[in-house]
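Please read the structure below before turning to the comments.
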Amino acid sequence: MNDKKFTGTNSYIATDDLMMAVNAAVTLERPILIKGEPGTGKTQLAIEVASALGRPLHEWHIKSTTKAQQGLYDYDAVARLRDSQLGDDRVHDIANYIVKGKIWEAFASDDQPVLLIDEIDKADIEFPNDLLQELDRMEFFVYETKELVKARNRPIVVITSNNEKELPDAFLRRCFFHYIKFPDKGTMEKIVDVHYPGLKKTLLKEALEAFYKVRDVPGLKKKPSTSELLDWIKLLVAEDIPAEALRAEDSRKAIPPLHGALLKNEQDVHLFEQLVFLDRRTNNR
Amino acid sequence: MLTKFFFMLREGGMKPSITELLMLLEAMKAGVAGHSVDDFYFLSRACLVKDESQFDRFDKIFAAHFQGIEEAFNALVGEVPDEWLRKQAELLLSEEERAQIEAMGGFEALMEALRERLDEQEGRHEGGNKWIGTAGTSPFGANGYNPEGVRIGQQGSRHRRATKVWDRREFRNLDDSVELGTRNIKIALRKLRKFAREGAADLLDLDDTIDKTARNAGLLDIRMVPERHNAIKVLLCLDIGGSMDDHVRICEELFSASRTEFKHLEYFYFHNFIYESLWKDNRRRHAERIPTSEITHKYGPDYKLIFVGDATMSPYEIVYAGGSVEHWNEEPGAIWIKRLLSAYPKAIWLNPEPEQRWEYTPSVKLTRELMEDRMFPLTLRGLDAGIKSLH
Numbered sequence: 001m002n003d004k005k006f007t008g009t010n011s012y013i014a015t016d017d018l019m020m021a022v023n024a025a026v027t028l029e030r031p032i033l034i035k036g037e038p039g040t041g042k043t044q045l046a047i048e049v050a051s052a053l054g055r056p057l058h059e060w061h062i063k064s065t066t067k068a069q070q071g072l073y074d075y076d077a078v079a080r081l082r083d084s085q086l087g088d089d090r091v092h093d094i095a096n097y098i099v100k101g102k103i104w105e106a107f108a109s110d111d112q113p114v115l116l117i118d119e120i121d122k123a124d125i126e127f128p129n130d131l132l133q134e135l136d137r138m139e140f141f142v143y144e145t146k147e148l149v150k151a152r153n154r155p156i157v158v159i160t161s162n163n164e165k166e167l168p169d170a171f172l173r174r175c176f177f178h179y180i181k182f183p184d185k186g187t188m189e190k191i192v193d194v195h196y197p198g199l200k201k202t203l204l205k206e207a208l209e210a211f212y213k214v215r216d217v218p219g220l221k222k223k224p225s226t227s228e229l230l231d232w233i234k235l236l237v238a239e240d241i242p243a244e245a246l247r248a249e250d251s252r253k254a255i256p257p258l259h260g261a262l263l264k265n266e267q268d269v270h271l272f273e274q275l276v277f278l279d280r281r282t283n284n285r
Numbered sequence: 001m002l003t004k005f006f007f008m009l010r011e012g013g014m015k016p017s018i019t020e021l022l023m024l025l026e027a028m029k030a031g032v033a034g035h036s037v038d039d040f041y042f043l044s045r046a047c048l049v050k051d052e053s054q055f056d057r058f059d060k061i062f063a064a065h066f067q068g069i070e071e072a073f074n075a076l077v078g079e080v081p082d083e084w085l086r087k088q089a090e091l092l093l094s095e096e097e098r099a100q101i102e103a104m105g106g107f108e109a110l111m112e113a114l115r116e117r118l119d120e121q122e123g124r125h126e127g128g129n130k131w132i133g134t135a136g137t138s139p140f141g142a143n144g145y146n147p148e149g150v151r152i153g154q155q156g157s158r159h160r161r162a163t164k165v166w167d168r169r170e171f172r173n174l175d176d177s178v179e180l181g182t183r184n185i186k187i188a189l190r191k192l193r194k195f196a197r198e199g200a201a202d203l204l205d206l207d208d209t210i211d212k213t214a215r216n217a218g219l220l221d222i223r224m225v226p227e228r229h230n231a232i233k234v235l236l237c238l239d240i241g242g243s244m245d246d247h248v249r250i251c252e253e254l255f256s257a258s259r260t261e262f263k264h265l266e267y268f269y270f271h272n273f274i275y276e277s278l279w280k281d282n283r284r285r286h287a288e289r290i291p292t293s294e295i296t297h298k299y300g301p302d303y304k305l306i307f308v309g310d311a312t313m314s315p316y317e318i319v320y321a322g323g324s325v326e327h328w329n330e331e332p333g334a335i336w337i338k339r340l341l342s343a344y345p346k347a348i349w350l351n352p353e354p355e356q357r358w359e360y361t362p363s364v365k366l367t368r369e370l371m372e373d374r375m376f377p378l379t380l381r382g383l384d385a386g387i388k389s390l391h
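So the sequence lines, in the order shown, correspond to chains A and B.
Number 186 in my numbering belongs to position 186 of the first sequence; there are no gaps in the numbering.
Number 189 in my numbering belongs to position 189 of the second sequence; there are no gaps in the numbering.
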């Protein structure tokens, strides 16, 4: 049992509900599923949990072609066939040709590891169902060697999803769930503060205001998220832009400088400029 | 106490399972939640709710249960999500009535007015903790529509106890009960999948290798095959604009679902009916049109053709030259759709309008005849039946 509790780290601000969900998952040794807007730190969470609790981290990044079996093991039949032709001695032990996958690696870890299954929604729609047993019992069977692989320490499994596909109920039932909602201004100030500690108060305030204004523009294809805000602030600091320049009252500079870091496609930039233009016209009347 | 809460959640339309309840109890036993109600709220939400669109509903039921307002529970269950209400209103209102609403500043403004009026009413009944009925206050009254118990409860609960986390109801915007979720659509569309081996040979064909090696007197003869890919090809034609605006959301869902499901998917837009040209980018629909004949040339008959449209228009738009509402068409739409159907023998028409109303719209009947009865409602069952007929 773990006596350590996850309370965020020096570089990661966790809200109360997030801490509760993570601690419940750690205590009960069940998977935790994290959803949320892109760029709100889903993947980062697993990395931070591992470093906060001092556990090894195993990352498994899912692609559209990833199969559940690949996380367990691969049997390299071609290599074995080739070795048999060459008369290699290794060929008699089939275990030589079993390649461990990420889940097996995590199961074999001496310390209780953190296993990140990143962007599970990218894979085929049946992918989560294929992992039910493995994540539930934390064991699987290797047919080639007739060996049962059991987790030495049940890993802390962190699963992230971007909501591209909906996940099956049977899978969801076995997980804790947390939805990282977009941070409010107070939390956001804390987040920026841990990333750029020396930032001038005024610049931070103006930047956040400009940022939330951009987020409030209706109809944006992709609203800027936390990671984009952090990038933007980095640029502002690097370019040494004064806080006053961010204030929108000055009509000539109504568009925030370096807005390319916040808005990532040309339709959004276009829409934004149009709105600013309209706004200016109504103000001048 | 928790069993009661559990069943209240189930009655409230959520689907927590017994495993999830046991998980919650186990976590409580392990002392995860400590002794504060807030902690318990976070923990129970993480255990019992697996979909952020259900958070709002959970918040309401949680509030109702733990504040002992049992009688309010019925009102909560009766509460209808915005989205559903909007859809319902649009279904129930006739064209003129909708025009009237537009004249009043659109649906949003109307709802805003309704909300304000209810706020006033709340003021007069201050101190009471009963939910307020809507009779007589709704601007819909004139239109014969009564959204009883709709927003009234929300306003009341917000004003009365606005401090608790679950009462803030931050997840309200996410609450949508889409009957045809994207997952459902994808599962239905999967039936359309057909696997074929195409492309580079990079997969070991074990059976063939054994066979060839044996024939080769034990000398290894490795055979490779290409990986199996989904070889289904789909042309998707979406009706856009006009009467379809109400259905655009469901169409977008279908579209986003199908995009990830097929390797070859081409989509085109049309307005009301098919004529001599279609377009790919709706914002440049007048500048960049693609001739329909070019499409039939470019994409072979192995493509499956799926139309999505409500087929609701004047019959003239189908049968007469020059009937199109947007431009002068030299040949009637009926001829163009026949050409398309002869180019693509496998074709269906998905109609988001409810099936029972098809009979009463002449243009739907007409389209259905042109499609040789291959028109299906845009529901799971309809999608299933439609896809079966595509095979």
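All C-beta atoms, glycine included, are put in the ideal place defined by N, C-alpha and C.
From a predicted model like this one, the values you see are computed outputs, not experimental measurements.
Taking residue i as the query, report the chain A residues whose CB atoms sit under 9 Å from its CB, ordered along the chain.
i        : result
B:Thr361 : Going along chain A, no residue has its Cβ under 9 Å from B:Thr361, so there is no contact; the nearest lies around 32 Å.
B:Ala347 : Neighbours of B:Ala347 on chain A: none; closest Cβ ~26 Å, over 9 Å.
B:Leu220 : Leu81, Arg82, Ser84, Gln85
Evaluate residue i with the Cβ neighbour count: other Cβ atoms within 10 Å of its Cβ, from every protein chain shown; 16 or more gives buried, anything less gives exposed.
i        : result
A:Lys150 : exposed
B:Lys338 : exposed
A:His61  : exposed
B:Ser324 : buried
B:Arg357 : exposed
B:Asn272 : buried
B:Phe6   : buried
A:Ala123 : buried
A:Phe277 : exposed
A:Gln267 : exposed
Starting from residue i, find everything on chain B with Cβ-Cβ shorter than 7 Å and list it in chain order.
i       : result
A:Lys35 : Glu52
A:Thr27 : Ala27, Ala30, Val32
What residue range does the beta strand (DSSP E) around residue i cover?
i        : result
B:Ala347 : 347 to 351
A:Phe140 : 139 to 142
A:Thr160 : 156 to 161
B:Arg404 : Here chain B covers residues 1 to 391 and nothing more, so residue 404 of chain B does not appear.
A:Asp74  : 73 to 75
So for residue i, helix, strand or coil by DSSP?
i        : result
A:Glu266 : helix
B:Ser277 : strand
A:Ile125 : coil
B:Trp328 : coil
B:Gly149 : In this prediction, B:Gly149 scores a pLDDT of 33, lower than 50, which makes its location untrustworthy; the coordinate-derived value is nonetheless stated afterwards. Coil.
B:Leu76  : Low local confidence applies: a pLDDT of 47 at B:Leu76 is under 50, so the model's placement there is unreliable, with the coordinate-based value given in what follows. Looking at B:Leu76 - three-state DSSP - the assignment turns out to be helix.
A:Thr9   : strand
A:Thr15  : coil
A:Phe182 : coil
A:His58  : strand
A:Val99  : strand
A:Glu119 : coil
B:Asp384 : helix
B:Asp56  : helix
B:Asn173 : Note that B:Asn173 scores 45 on pLDDT, short of 50, meaning its location in the model is unreliable and no value can be drawn from it.
B:Met8   : helix
So with CB distances below 8 Å, who are the chain B contacts of residue i?
i        : result
A:Ala77  : Leu204, Leu206
A:Arg173 : Ser17, Thr19, Glu20, Lys50
A:Asn23  : Val32
A:Arg30  : Met23
In the DSSP assignment, the alpha helix (DSSP H) including residue i goes from what residue to what residue?
i        : result
A:Trp299 : Only positions 1 to 285 of chain A appear in the structure, and residue 299 of chain A is not among them; the question remains open.
B:Pro362 : 362 to 370
B:Glu20  : 18 to 29
B:Cys47  : 37 to 48
A:Lys213 : 201 to 216
A:Glu244 : That residue, A:Glu244, is in no alpha helix (DSSP H); it is neither H nor E in DSSP.
A:Asp169 : 169 to 173
A:Val149 : That residue, A:Val149, is in no alpha helix (DSSP H); its beta strand (DSSP E) goes 147 to 150.
Chain A partners of residue i, CB-CB under 7 Å?
i       : result
B:Asp39 : Met20
B:Leu43 : Met20, Ala24
>> Please list, in chain order, the residues of the stretch 175 to 188 of chain A that have any C-beta partner in chain B closer than 8 Å.
In response: Cys175, Phe176, Phe177, His178, Tyr179, Lys181
> Any residues in the stretch 13 to 27 of chain B with a beta carbon nearer than 8 Å to a beta carbon of chain A? Which ones, in chain order?
Replying inline: Lys15, Ser17, Thr19, Glu20, Met23, Glu26, Ala27
> In chain order, what residues of the stretch 119 to 152 of chain A put their CB closer than 7 Å to some CB of chain B?
Replying inline: Ile125
> Along the stretch 4 to 16 of chain A, what residues have a CB closer than 7 Å to any CB found in chain B?
Replying inline: Asp16
>> Closer than 9 Å between beta carbons: that is the criterion. Which residues of the stretch 80 to 97 of chain A meet it against chain B?
In response: Within the stretch 80 to 97 of chain A, the qualifying residues are Leu81, Arg82, Ser84, Gln85.
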